[in-house]
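From first to last, the protein sequence lines are chains A and B. Residues 1046 to 1449 in this note's numbering are what the first sequence spells out, letter by letter. Residues 3 to 420 in this note's numbering are what the second sequence spells out, letter by letter. Report on the structure given below.
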Amino acid sequence: MARHTLHVGLEIGTTKVAVVIAETGSDGLLRIIGAGEAVSRGVRKGEIVDIGKVALCLTDAVAEAEEKADREIKDVVLSVTGSHIDTLNRRGVVLIAEDRNEIDEEDLYAVEQSALDVSIPAGNAFLHTMIQHYYVDGQKGVDSPIGMIGRKLEAEFHMVHGQKARIHNLTRCIAEANLGANNVVMSAVASAQAVLDPGEKAMGALVIDIGGGTTDYILCLDGSVRQSGVLAVGGDHLTNDISIGLRVTTKWAEKLKNEEADVAPGATAARGLITMDDPTYAGGQVERRILNTVTEARVREIFTILRRRLNFERHAPFVGAGVFITGGTAELKGIAALASDVFGVPARVAKPRPLPGPSALFESPRFSTAVGLVLYSEAAHAALDEISIFDRLRNKLGRILPGL
Amino acid sequence: MINYGSVAQMSKPIVPVSSCRIVGVGGAGLSFLERLDRESGGIMDLVAVHTSAQALQHSCAVVKVPIGREATKGLGAGGDAGLGRAAGQESAEQIRAACEGAELVILCAGLGGGTGSGAAPLVAQQAKAAGAMVIGLVTLPFAGEGGKRKSQAEEALVRLARHCVTVLCFENDRMSELGPTEATMRQAFTAASATLSRAVHSVLRMVGLPAIMPVGLDELWQMFRGAEARCHFGYGSGTGPDRVIEAVEQALQDPLLDGATILSEPGDVLVHLTGGADLRLAEVQSVLLRLSRHVAPSSQILLGVSEDPNNAGMLELVILAATKSGVMPDVEDDEPTLDGAEPGVAAGDGGSPPDKEPTKPASKRGSKAAGKGEGGATQVELPFEQAMRGRFKDLDPTMVEGQDLDVPTYIRLRLRLK
């Protein structure tokens, strides 16, 4: 049964490909036993533009993780991102038949189907259907309606859909690297799984995963997903802005971004010069103030767009746990202070929650999505074990993972 | 998103009324005429052609041509294209008489049903024989309506294409892209017919308005000769400082443009702009530059610019694209037998083309994709904007809230660095 206890998360990002291998031991605990990383090529703004190149990077990252874990992997859980991802909230309704009024599994399935009865663009497919609330005879706050008595079951769902063609590109890459895909998960859902504990989900939290090419966000309120989405702007844009604004090479822009830039409010008034230790820029210096101004403008813009999209002011009182910034760009100096300034609630940089295993492997905001995929995979697996074959056939992951 | 109300805001078309006729065939065609009539305030020359006497009675059209009195007894074709065709043949003379004297006929029909599928090709044939240039504007049935309607529609499309300069198709399945996912049936149909009616208005304005750089019927005709019968259409409008970006984005998202992938194939692209007296040269250049990212380098871009005094502060953009993938046989004979085997005609191409990765052709074109304006509009490449996009210059722009987010924020906010 070794295959059933191995969970592999694979994130094909714009800047890196990350693999995390975890294993459920005989004690039932999930341990991370290996992780691999490779520079990503052939991905732009979170979407695959060159399958062959991506497959090569993939093979490198997988080989590294396999070596560390000393396991061979076959199936992975994939994350998906990109501007083609769209979401909506929808309510489904089902009337319980006269001759029985106890709500059963079938009704939960039916209410979900009724919510899915919505027209999305041709060529799109649903990725997730996540339950927010059930209502039995109009009464809210029902966590699990099975066995309850009622005549009308209603449910609100958060639904995520994306272009089949783009998702197919992902699975093609996997196949090129001789791997199989068990499941495809929206990046933001995975990241939230990694950085939030159930308590924080219940208190309300906004997770913002800023990667190289995209910013994935998810708003959890009251233990369930309220909003999520993708903005196709990320760390690459920061590098590009710096490169144009300061007239330096991309390589130097990257270095300045990682080592010097500070986006905390007030840092735009910083004084002083940064000397670039590079013969091609003999005596080259850049002004700290300009670097911070260019960088801050971009990150503030990203946050401001999200605030508007989420209509955050309305939700702010219910976001008790605050804003969690994660992903590769979360390592930018001052980003939490800026987030807290824009959103008006406490914000912090978050890395994956601690798990048993050699934590140095994955303890960085960069690994949130990949670690989250492993957790998602484990939760899905555990839930599948508990429920009937009937449900397993339907693979209704959205439903059996209440809360996420 | 697409602005449904925009036709109402569009100023009244200055139509050469005498020379252009809008012909609606069948139930869908007639109801589309109703909409056009309402919007244009009754100045258009509308002709209704139908098998059902009852439907004709209620039509707003000035000229009503009942067809197939013998074949259908005036009761409609009941979804049978064969009956519709028989009706059309029976009344060919009357149809021709109704089209006599028109220079341009825009034929509107819903394909898939009886009268639309059966009679529309015959109406096109008669209109052409009467000396008019015919543009078809048709809807294709929902996929869920079943195989029979689909095959009837496809067959009709092939027949229709033989007599039309070009055919603009709207697939009903695309309706869901027009509005919010929660749109009601009525909203969806209204949005769809608004899209089609925009197409009609735009074509009329294109040939009818006083122009700075005119597009004549002859140029339209030239453009579509030898092109694939199906043509793609995009309309966008914008106001305010970002009107160029708004208009281009909206036009590229037009459902009739079929995802804009068509532009990346070699062919002819007609770009027509209507602005007020305040239309600037830089804006025209900006539109061309933005579109050039989507258009194949070997394509010819025909540019037309019109001025409408009512359009002050507003920019309207129309894109018409025809690919040169095949040769349209110039069929002149009467009702030709239909057994497929028609080279170049996109038979059976009911579905949209496979979703191509739009970034690929873009990256091939690179920076030399400057527009090839014709008729005097020499397009000067603006290296400035390309530089502003930096490493993203070959990618599709990330448009959010009317801004291209690939351009550095500090530039868009006009922050002073020095």
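Ideal Cβ placement from N, Cα and C applies to all residues, glycine included. Since this is a predicted model, take the numbers as computed values, not measurements.
- For B:M187, the number of other beta carbons within 10 angstroms of its own is below 16, and it is reported as exposed.
- For B:D175, the residues of chain A that pass the 8 angstroms Cβ criterion are A1167, in the order they occur in the chain.
- By DSSP's assignment, B:E248 forms no beta bridge with any residue.
- With a cutoff of 8 angstroms on beta-carbon distance, A:S1128 and B:T400 are scored as near each other.
- Listed as beta-bridge partners of B:Q405 by DSSP are B:V402.
- Collapsing the DSSP output to three states places A:R1136 in a strand.
- By the criterion of a C-beta distance shorter than 6 angstroms, B:Q127 is surrounded in its chain by H165, once the five residues flanking it on both sides are discounted.
- Looking at the backbone, the Cα of A:A1083 and that of A:A1106 are separated by about 5 angstroms.
- Within the stretch 1048-1075 of chain A, contact with chain B at the beta-carbon level (separation under 9 angstroms) is assigned to no residue.
- The shortest C-alpha to C-alpha distance from A:G1373 to any of A:Q1158, A:S1413, A:N1146 and A:M1204 is the one to A:S1413.
- Against A:I1335, the close residues of chain B are L419, in the order they occur along the chain (beta-carbon pairs closer than 7 angstroms).
- Interface criterion not met: the Cβ of B:R40 is under 8 angstroms from no Cβ in chain A.
- Contact between B:A194 and B:F172 holds, with the beta-carbon distance rounding to 6 angstroms and staying under 8 angstroms.
- Between the alpha carbons of B:A324 and B:M225 lies a gap of roughly 8 angstroms.
- Rounded to the nearest whole angstrom, the CA to CA distance from B:K66 to B:L198 is 22 angstroms.
- Between A:A1342 and B:L417, the beta carbon gap of about 6 angstroms places them in contact (Cβ cut-off 8 angstroms).
- Within the same chain, and ignoring the five residues on either side of B:A73 in sequence, the residues whose Cβ sits closer than 7 angstroms to its Cβ are L85, A88, A89 and E92.
- What B:V250 touches in chain A, judged by beta-carbon distance under 9 angstroms, is nothing: the nearest beta carbon there is about 17 angstroms away.
- Among the residues facing chain A, B:G138 is not included, as its CB has no counterpart in that chain under 8 angstroms away.
- Within its own chain, the residues whose Cβ lies closer than 6 angstroms to the Cβ of A:N1227, once the five positions on either side in sequence are excluded, are D1120 and V1122, listed in chain order.
- Short of 6 angstroms from the beta carbon of B:S288, and not among the five residues preceding or following it, lie these beta carbons of its own chain, in chain order: V246.
- In summary, no residue of the stretch 1367-1399 of chain A has a CB separated from any CB of chain B by less than 8 angstroms.
- By the CB criterion at 8 angstroms, A:D1261 and A:T1126 fall inside the cutoff.
- Minimum Cα-Cα distance from A:S1385 among the listed residues A:R1411, A:G1402 and A:F1357 corresponds to A:F1357.
- Taking 8 angstroms as the cut-off, the beta carbon of B:L322 is found closer than this to the beta carbon of B:L272.
- Positions of the alpha helix (DSSP H) runs, each at least 4 residues long and wholly inside the stretch 1221-1277 of chain A, are given as 1232-1240 and 1243-1248 in order along the chain.
- By the neighbour-count criterion, in which a residue is buried when 16 or more other Cβ atoms sit within 10 angstroms of its Cβ, A:F1363 is exposed.
- With a beta-carbon spacing of about 5 angstroms, A:I1148 and A:M1193 fall inside the 8 angstroms limit used to define contacts.
- With a beta-carbon spacing of about 27 angstroms, B:T141 and B:L211 fall beyond the 8 angstroms limit used to define contacts.
- Cβ atoms of A:R1135 and A:A1160 come within 8 angstroms of each other, at about 5 angstroms.
- Between the stretch 93-101 of chain B and the stretch 49-66 of chain B, the count of C-beta pairs closer than 8 angstroms reaches three or more; the two stretches touch.
- When DSSP assignments are scanned along the stretch 236-313 of chain B, the uninterrupted stretches of beta strand (DSSP E) that are 3 or more residues long and fall wholly within it turn out to be 269-277 and 302-309.
- A:R1292 has a beta carbon lying at 8 angstroms or more from every beta carbon in chain B.
- Counted as a single uninterrupted DSSP element, the beta strand (DSSP E) harbouring A:L1318 occupies residues L1318 to T1320.
- For B:Y237, the nearest beta carbon of chain A is not closer than 8 angstroms to its own beta carbon.
- Leaving aside the five residues that flank B:R391 on each side, the residues in its chain whose CB is nearer than 7 angstroms to its CB run, in chain order, D408 and V409.
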